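Q:
Residue numbers (this note's numbering), protein chains in the order written: chain F, 29 to 313; chain R, 203 to 306.
1) Please classify residue 267 of chain R as buried or exposed, where buried requires at least 16 neighbouring CB atoms within 10 angstroms.
2) From which residue to which residue does the beta strand (DSSP E) around residue 263 of chain R run?
3) Tell me the rounded alpha-carbon separation between residue 269 of chain F and residue 278 of chain R.
4) Select from F/50, F/74, F/48, F/46 the residue whose C-alpha is nearest the C-alpha of residue 59 of chain F.
5) Given that a residue counts as buried once 16 or more other Cβ atoms are within 10 Å of its Cβ, and exposed if not, what is residue 314 of chain F?
6) For residue 217 of chain F, collect the residues of the same chain with a Cβ closer than 6 Å to its Cβ; drop the 5 residues on either side in sequence, then sort them by chain order.
7) For a cutoff of 8 Å on Cβ pairs, would you count residue 270 of chain R as touching chain F?
8) What are the uninterrupted segments assigned as beta strand (DSSP E) that are 3 or more residues long and contained completely in the stretch 119–204 of chain F, given in chain order?
9) Quick check: residue 77 of chain F and residue 228 of chain R, are their CB atoms within less than 8 Å of each other?
10) Could you tell me whether the Cβ of residue 56 of chain F comes closer than 8 Å to any Cβ of chain R?
11) Return the chain-ordered ranges of every alpha helix (DSSP H) run that is complete within the stretch 214–243 of chain R and spans a minimum of 4 residues.
12) With distance defined between alpha-carbon atoms, name the residue in F/297, F/245, F/154 nearest to residue 110 of chain F.
13) Checking 8 Å against the spacing of the C-beta atoms, do residue 263 of chain F and residue 256 of chain F come in under that value?
14) Do residue 235 of chain F and residue 150 of chain F come within 8 Å of each other at the CB atom, strictly closer than that value?
15) Out of F/147, F/211, F/144, F/186, point me to the one whose CA is closest to residue 167 of chain F's CA.
16) I want to see whether chain R comes within less than 8 Å of residue 70 of chain F, judged by CB atoms only; does it?
17) Hey, quick one: how far does the alpha helix (DSSP H) through residue 310 of chain R stretch, first residue to last?
18) Any Cβ of chain R within less than 8 Å of the Cβ of residue 125 of chain F?
19) Look at the Cβ atom of residue 96 of chain F, then the Cβ atom of residue 302 of chain F, and state whether they are nearer than 8 Å.
20) Who are the neighbours of residue 51 of chain F on chain R, taking C-beta pairs under 7 Å?
21) Of all Cβ atoms in chain F, is any one closer than 8 Å to the Cβ of residue 259 of chain R?
22) Straight-line CA distance for residue 171 of chain F to residue 296 of chain F?
23) Please identify the residue among R/240, R/244, R/254 whose C-alpha is closest to the C-alpha of residue 67 of chain F.
24) Do residue 251 of chain R and residue 80 of chain F count as a contact pair if the criterion is CB distance below 8 Å?
25) Output, in sequence order along the chain, the residues in the stretch 264–292 of chain R whose CB is closer than 9 Å to any CB in chain F.
26) In this structure, how does DSSP classify residue 39 of chain F when only helix, strand and coil are distinguished?
27) Strictly by DSSP, which residues pair up with residue 154 of chain R?
28) Under the rule that 16 or more other beta-carbon atoms within 10 Å means buried, what is residue 284 of chain R, buried or exposed?
29) Round the Cβ separation of residue 132 of chain F and residue 107 of chain F to the nearest angstrom and send it over; I've been treating them as touching at under 8 Å.
30) Taking 6 Å as the limit between beta carbons, can you name the residues of its chain near residue 198 of chain F, skipping five residues before and five after?
31) With a cut-off of 8 Å on the beta carbons, I'd call residue 125 of chain F and residue 252 of chain F a contact; round off their distance for me.
32) Could you check the C-alpha separation between residue 306 of chain F and residue 226 of chain F for me, to the nearest Å?
33) Closer than 9 Å by beta-carbon distance: list the chain F residues that pair up with residue 214 of chain R, in chain order.
34) Go to residue 59 of chain F, then tell me how far its alpha helix (DSSP H) extends in each direction, as first and last residue.
35) Residue 260 of chain F by DSSP, collapsed to three states: which one?
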């Protein structure tokens, strides 16, 4: 593979390591045989294949509900980042921000609805040991506030771009992401331990509503940024650094994360729907 | 198996149909499909299909010849292709007969 053209090696590197171990040599040979460097459409196809291979790994190892939970976690992180972008700019984009918040709230409620049967099973005491996982977000939130206080103490009296302030910000951000990840892990563990009976169509509909809510929020975040830039071109000044974040890369980064989370949630909803359809066919007389 | 095949039908079926002629490696499969059906399977699409077919035991990889690994149909692959082709033949016959009725 080391003798292959750079483009071939790059395209191959986009695939997961396990996939490369199995197919890498023959795939590289085929890309060479196809003269891939002359065919941009096939380059795109290879990149799509790599994305599918990565997605396939995620999808093959997780149930749709677990994927939806991790998507919601990613969306929460992205949404928090977006809120940080938007906080200093006020509502310069009309009512778009309200749409974003409303759609995100609908998405959150849909996720709660999808998990409700498991919550009921938990309350009925079907698995007492599962309660310890419920404490994860509570303990995590408390720990995060502790980290926040620590970060405030570290950065107190220092300038916006000082090392202390950046370190404090990074500490709060990393701790927040860790709490969200731990919460998603705990919730997916509870869901796995308590496979409660579902009312017909509840979960696929809820997951599709979750994805729709995320999609609307993402589009609203896009429109919000475009409007803010239209109303005040100096709004996204590029010199604010990481701390006060109303700058272009922050907005684009938050948007990208929201879009990835939406894609994951949509895939989860579709898989749940397909799974329920197959079960439904099987039950028909 | 048939319902599962339906979700990723076309590239998978094209690959099965190509391998029905004999063992082929990836590039030979794409050129055969392009020549016979006029469909260009991109490398990502082809290997996604090969992976799924192999995972389901419908094809199997043979020892590599240099860096090219030929694939061949398994008995399950032959049965699957046959079942799908019969189903498509039935659907095609039905569609054509109804179209004739509609236009006559």
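Where is the CB? At the ideal position from N, CA and C, for every residue including glycine.
Small disclaimer: the values here were computed from a predicted structure and weren't measured.
A: With the structure as the only source:
1) Residue 267 of chain R comes out exposed.
2) Its beta strand (DSSP E) spans residues 261–263.
3) Any reading at residue 269 of chain F needs caution, since the residue's pLDDT is 46, under 50, leaving its predicted position unreliable; the model's value is listed next. In a straight line, the C-alpha of residue 269 of chain F is about 59 Å away from that of residue 278 of chain R.
4) Out of F/50, F/74, F/48, F/46, the CA that lies nearest to the CA of residue 59 of chain F is found in F/74.
5) An answer regarding residue 314 of chain F cannot be provided, because it is not within the stretch 29 to 313 covered by chain F.
6) The beta carbon of residue 217 of chain F is closer than 6 Å to those of 161 in its chain, skipping five residues each way along the sequence.
7) Yes, residue 270 of chain R counts as interfacial toward chain F.
8) The qualifying runs do not exist here; there are none.
9) Pairing residue 77 of chain F with residue 228 of chain R gives a Cβ-Cβ distance that is not under 8 Å.
10) It does; some Cβ of chain R falls within 8 Å.
11) Entirely contained in the stretch 214–243 of chain R, the alpha helix (DSSP H) runs reaching 4 residues are, in chain order, 228–239.
12) Residue 110 of chain F has its Cα closest to that of F/245, out of F/297, F/245, F/154.
13) At a Cβ-Cβ threshold of 8 Å, residue 263 of chain F and residue 256 of chain F count as neighbours.
14) Their beta carbons are not under 8 Å apart, which means residue 150 of chain F does not touch residue 235 of chain F by this criterion.
15) Nearest of F/147, F/211, F/144, F/186 to residue 167 of chain F, Cα basis: F/211.
16) So, interface residue.
17) An answer regarding residue 310 of chain R cannot be provided, because it is not within the stretch 203 to 306 covered by chain R.
18) Answer no: the Cβ-Cβ gap between residue 125 of chain F and chain R never drops below 8 Å.
19) With contacts defined by Cβ atoms closer than 8 Å, residue 96 of chain F and residue 302 of chain F do not form a contacting pair.
20) By Cβ distance, chain R contributes 249.
21) Using a Cβ-Cβ cut-off of 8 Å, residue 259 of chain R does not count as an interface residue toward chain F, since no Cβ of chain F sits closer than that to its own.
22) Rounded to whole angstroms, residue 171 of chain F to residue 296 of chain F spans 31 Å at the Cα level.
23) Closest option to residue 67 of chain F, Cα to Cα, is R/244.
24) Contact flag unset, no.
25) Within the stretch 264–292 of chain R, the qualifying residues are 266, 268, 269, 270, 271.
26) Of the three classes helix, strand and coil, the one that applies to residue 39 of chain F here is helix, per DSSP.
27) Nothing can be reported for residue 154 of chain R: it is not among the residues displayed for chain R, which extend from 203 to 306.
28) Residue 284 of chain R comes out exposed.
29) Residue 132 of chain F to residue 107 of chain F, Cβ: 6 Å. Contact.
30) Around residue 198 of chain F: no qualifying Cβ.
31) Right, the Cβ-Cβ distance comes to about 6 Å (below 8 Å), so this counts as a contact.
32) Residue placement at residue 306 of chain F is flagged as unreliable, the pLDDT there being 45, under the threshold of 50; a coordinate-derived value is accordingly withheld.
33) Close to residue 214 of chain R, with beta-carbon spacing below 9 Å, lies no residue of chain F; the smallest spacing is near 14 Å.
34) In this chain, the alpha helix (DSSP H) harbouring residue 59 of chain F covers 45–61.
35) Three-state DSSP puts residue 260 of chain F in coil, outside helix and strand.
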